[in-house]
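2 protein chains.
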Amino acid sequence: MNDVPRNDLFLRACRREKTERTPVWIMRQAGRYLPDYRAVRAEYDFLTMVKTPELAAKVTVQPVDIIGVDAAILFSDIMVIPEAMGMHLEMVEKRGPVLRDPIRSSASADALRIPDPANELSYVLDGIRATQELLDRRVPLIGFSGSPWTLFAYMVEGSGSRDFRHAKSMVYGDPDLARRVLDKITQAVGDYMVAQAEAGADALQIFDSWGGALPPEQFAEFSLSYIERIVERLRSTGVPVIVFCRGASHSYGRIAESGCHVVGVDWTTGIDDARKAVGNKAAVQGNLDPTILFAGPEKVREGVADVLRRVGRGGGHVFNLGHGILPETPVENVHALIRAVADLSPQYHEG
Amino acid sequence: MNDVPRNDLFLRACRREKTERTPVWIMRQAGRYLPDYRAVRAEYDFLTMVKTPELAAKVTVQPVDIIGVDAAILFSDIMVIPEAMGMHLEMVEKRGPVLRDPIRSSASADALRIPDPANELSYVLDGIRATQELLDRRVPLIGFSGSPWTLFAYMVEGSGSRDFRHAKSMVYGDPDLARRVLDKITQAVGDYMVAQAEAGADALQIFDSWGGALPPEQFAEFSLSYIERIVERLRSTGVPVIVFCRGASHSYGRIAESGCHVVGVDWTTGIDDARKAVGNKAAVQGNLDPTILFAGPEKVREGVADVLRRVGRGGGHVFNLGHGILPETPVENVHALIRAVADLSPQYHEG
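So, in C-alpha cells, the structure goes:
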C-alpha cells in the first residue's frame, strides 16, 4: 500500500469518510481541451503516448498542475486490453479505435489470449510508477479499465458503433459464445486491474461506456455480472473501486450491490435520484453535463451549485462530469468548475 | 373524420378500447430493409421520394401489403419542417441530413418563417391523400412530425451530433433565444400536424428522437413543455396522438400527463416498468430491441413473447420496436415478428 497522499479528499470520499469539502476530478481531464496536452500530442501519435510511460505520466499530471484536480487518472486507453489479447489495434483519425478481424466466430474467440500484465501491458504499469514519481504523493492516482461488456462490444464490432448490432446479435443469437468471450475478457481485465493496484494505483475505475446499449435485463446478465466478478477480485487489493456504467440509470441500485465503493452517475439522471437508488451501499460520483462547460463561468457555477444541492449533506460524493470532458471545452470554464466546487461545497460538510 | 378502417385494431388500442389481439406496426417500416423499397430508392433520391406524393404513397403502403402491419405510417422525414421554415436542406450520403447556416444567432432565429402547410408542405398533405386512396381504408394511416426540441437540435447543430453541444450550449447559455426558436418551431409543427389530420391522417406521432440528449430537468422545460402545447392543439382534431421520446425513460409518467393517447417506449426500459409509470393515463407502444431481428425467427418469437408477457392483460398496447428498424434487417425475421404477435397476443385479450 502507498503512503496516504497529502490531498486524500478523493480517497476519503470514496470510502464515505468525512471530508472538509467535496473532491473533484474530471473524466478525460488529461485531454485535448488542454493546450499543454495538445503540445505533446502534436509531437507524438496517440498510441505512442499511451505506450511511453514518461509521456503518459507527463500528460497525466498536467491537470493536477494546471487545473488543480483532487485526483489524477492515468492517461491510457481501454483498447489496450483487446490489443494485449491478440487483436490488431489502430487509431483512425475521426473514426477512433479500429480492431482488425472482429470476434464473430468460435475460432476467433478461441484465439484470444489472456495477457500477462507484467509482459504485454508492462508499459501501463511503468506508466503508473512514472506518474507516482511525478505526483510525489500530492494527490491519488486512479487506474482504469474498460468493462468486459464494453471491450466485448468493440471486439465484436471492430470499432465504435451506433447500435452495436453485431455484439448484440451475438448476445441474442449465440449467448453461449458471448459468455465464452466475456469470460476471457473478464479474466484479462481482472489480472490487469490487480496489477495496476500492485504497481501503485490508489483507486480503480471500471468504465462501462456501452452498458446502455443493452436493455436492463441483458445489461444485468452480460455486463453487470462480469463487473461484479472483477469488483470481487479487486477486494483483496484494498483500493477503492468506482463503477461507471453509462446509460444504465435503470440499474444504479444493482450496481451499488456489486460491492464497489463508488457508483459513477451519468448526466442523464438527477444525482439525487441516483443517490436514492444507491442508498447507503456506496458513494456516488458525477454528474454535471459536460456541455454546460460551453455556456460560460456563471452557468458552470450554477450547474455545480445544482449538483451539490441535489447531493446535499452526508458526504460520499466525488464531484465529476456525467461523461468525459469535450475536446473544445474552454479551459477558463474548467477553472470555474474547480473554483465553484471549492467555494460551494464546504457548507455541505460542516458540523 | 374518415370512415373507420376495416382493420381498426391500432386505433382501438390507442384509445385503450377492447381488441381481439395486439396491433403491430414498426418504426421505419417503409425503409431500406425491404427490397421493394430499395427498388424505388434505386430510381429516385430520398428527397424526391419524400416530395412526390405518388412515390411516398407507394412505399408507405408496401409494408401493409408485404409485411401485414396493422397501420401505415406516411413515408416522409422530420427535416421537412426546417426546410419549410426557410433552411437549406441536403441529404448527404453516410452523414444524413445537413442544414446549411445553422441557427445560432438572434438574426437567424428571426429569419425563420412559419410555413403555411397548404403551401410549403402541400406535398405531404397530397401524400396523405394519395396514400389513403391506395390504402382504401384497409388500415389506418399515421402522420408524424419531429418534436420541437428534436428539430431545434438539428437546426442549431446543422446536422446530427453525438453530443448536441451547440444546441445544448444555447439551452444553458442563452435560454431566452432557445425559447424563441422553440416557440416558432412549435407553431410550425402544430399547424403542420393539424393540417395532416385534416388531410386524412388517422393518428399522429411526435418523434422526440433527441429528448435523451437533455438531462431530465432540461427535458421537461425545453422538450416536453413544447410537446404538451402541440398535444393540446391536436385535441380538436380528434385523432389519437402518440408521443415517442427516445432516451427519456425518466419521464414516461410526465409524458403521459401531456394528454397524449399513447406513450412510445424505447428498448432501454422494461415495458412493464414504463406501463407502471404511465399508469392509466395512456396506452403504451413498443418496445422490442431492433437488434433482436438479427438473431433469427425463434429469438424474435421469444422477444415478442417477453414484451407481451411484461405488458400483460388489459389492452392499451401497440406492439412496435423500441427504435426504428435497422437497414440490413432480414425480412424473414420481420415476418416472424408479425406472426408472433398474431399468435401470442390473443391470450392477453380474452374474456
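Read top to bottom, the protein sequences are chains A and B. For the first sequence, counting from 1, position 146 maps to 146 in the numbering used here; every step adds exactly one. For the second sequence, counting from 1, position 45 maps to 1045 in the numbering used here; every step adds exactly one. Ideal Cβ positions, reconstructed from N, Cα and C, are used throughout, including at glycine.
Taking C-beta atoms as the reference points, Asp1266 (chain B) and His1317 (chain B) fail to come closer than 8 angstroms. Counting along the chain, Asp191 (chain A) sits inside the alpha helix (DSSP H) bounded by residues 175-199. Between Val243 (chain A) and Val263 (chain A) the beta-carbon gap is near 6 angstroms, inside 8 angstroms, which marks them as a contact. Distance from the CA atom of Ser1161 (chain B) to the CA atom of Thr269 (chain A), rounded to whole angstroms, is 20 angstroms. The three-state reading of DSSP puts His1166 (chain B) in helix, counting H, G and I together. The beta-carbon separation of Ile1128 (chain B) and Val1069 (chain B), rounded to 17 angstroms, does not stay under the 8 angstroms limit for a contact. Excluding residues up to 5 positions away in sequence, Leu1112 lie with their Cβ nearer than 6 angstroms to the Cβ of Lys1184 (chain B) in the same chain. In this structure, the alpha-carbon of Thr131 (chain A) lies about 8 angstroms from that of Glu54 (chain A).
Under the Cβ criterion of 8 angstroms, Phe1294 (chain B) is counted among the residues facing chain A. Residue state for Gly146 (chain A) is assigned as strand, using DSSP reduced to three classes.
Taken atom to atom, the span from the alpha-carbon of Leu74 (chain A) to that of Val1050 (chain B) is near 50 angstroms.
What Gly1068 (chain B) touches in chain A, judged by beta-carbon distance under 7 angstroms, is nothing: the nearest beta carbon there is about 23 angstroms away. If you draw a straight line from the Cα of Pro1215 (chain B) to the Cα of Arg246 (chain A), it is about 13 angstroms long. Beta-bridge pairing by DSSP links Asn1320 (chain B) to B:Asn1287. By the Cβ rule, the region 1089-1101 of chain B does not count as touching the region 1027-1040 of chain B, because fewer than three pairs are nearer than 8 angstroms. Ala1072 (chain B) is bridged by DSSP to B:Leu1141. Of the candidates A:Pro346, A:Ala342, A:Tyr348, A:Gly351, the residue whose Cα lies closest to the Cα of Ile67 (chain A) is A:Ala342.
Counting only the Cα atoms, Gly1286 (chain B) lies some 21 angstroms from Ser251 (chain A). Put simply, the CB of Leu1224 (chain B) is far from chain A, with every gap to its CB atoms at 8 angstroms or more. With a threshold of 16 other beta carbon atoms within 10 Å, Ser236 (chain A) falls short and is exposed. Within the DSSP secondary-structure output, Gly1264 (chain B) pairs in a beta bridge with B:Phe1244, B:Gln1285. Scanning A:Ser76, A:Asp136, A:Ser106 for the CA closest to the CA of Asp8 (chain A) turns up A:Asp136. Under the Cβ criterion of 8 angstroms, Ser169 (chain A) is counted among the residues facing chain B. Ranked by Cα distance from Ile1078 (chain B), the options B:Thr1022, B:Asn1002, B:Asp1306, B:Ala1188 are led by B:Ala1188. Unbroken beta strand (DSSP E) runs of no fewer than 3 residues, entirely contained in the region 1077-1101 of chain B, are found at 1089-1092, 1096-1099, following chain order. Looking at A:Glu17, A:Val64, A:Cys260, A:Lys276, the one whose alpha-carbon comes closest to that of Gly238 (chain A) is A:Cys260. Per DSSP, reduced to three states, the secondary structure at Ala295 (chain A) is coil, with no helix or strand assignment. Assigned with DSSP and collapsed to three states, Ala1111 (chain B) falls in helix.
Residue state for Leu1009 (chain B) is assigned as helix, using DSSP reduced to three classes. In summary, the residues of the region 300-330 of chain A whose CB is separated from some CB of chain B by less than 7 angstroms are Leu326, in the order they occur in the chain. Annotation: Ala1336 (chain B) to Glu298 (chain A) spans about 55 angstroms, alpha carbon to alpha carbon. Interface with chain B (8 angstroms Cβ-Cβ cutoff): His349 (chain A) is excluded.
Following the DSSP letters along the chain, one finds Asp1126 (chain B) inside the alpha helix (DSSP H) bounded by residues 1122-1135. If you look at Ala1042 (chain B), you'll find it isn't in any beta strand (DSSP E); DSSP assigns it neither H nor E. Distances from the alpha-carbon of Ala1072 (chain B) to those of B:Pro1175, B:Phe1144, B:Thr1329, B:Gly1315 put B:Phe1144 closest. Listed along the chain, the chain B residues whose CB falls inside 9 angstroms of the CB of His250 (chain A) are Ser1249, Thr1268, Thr1269, Gly1270, Asp1273.
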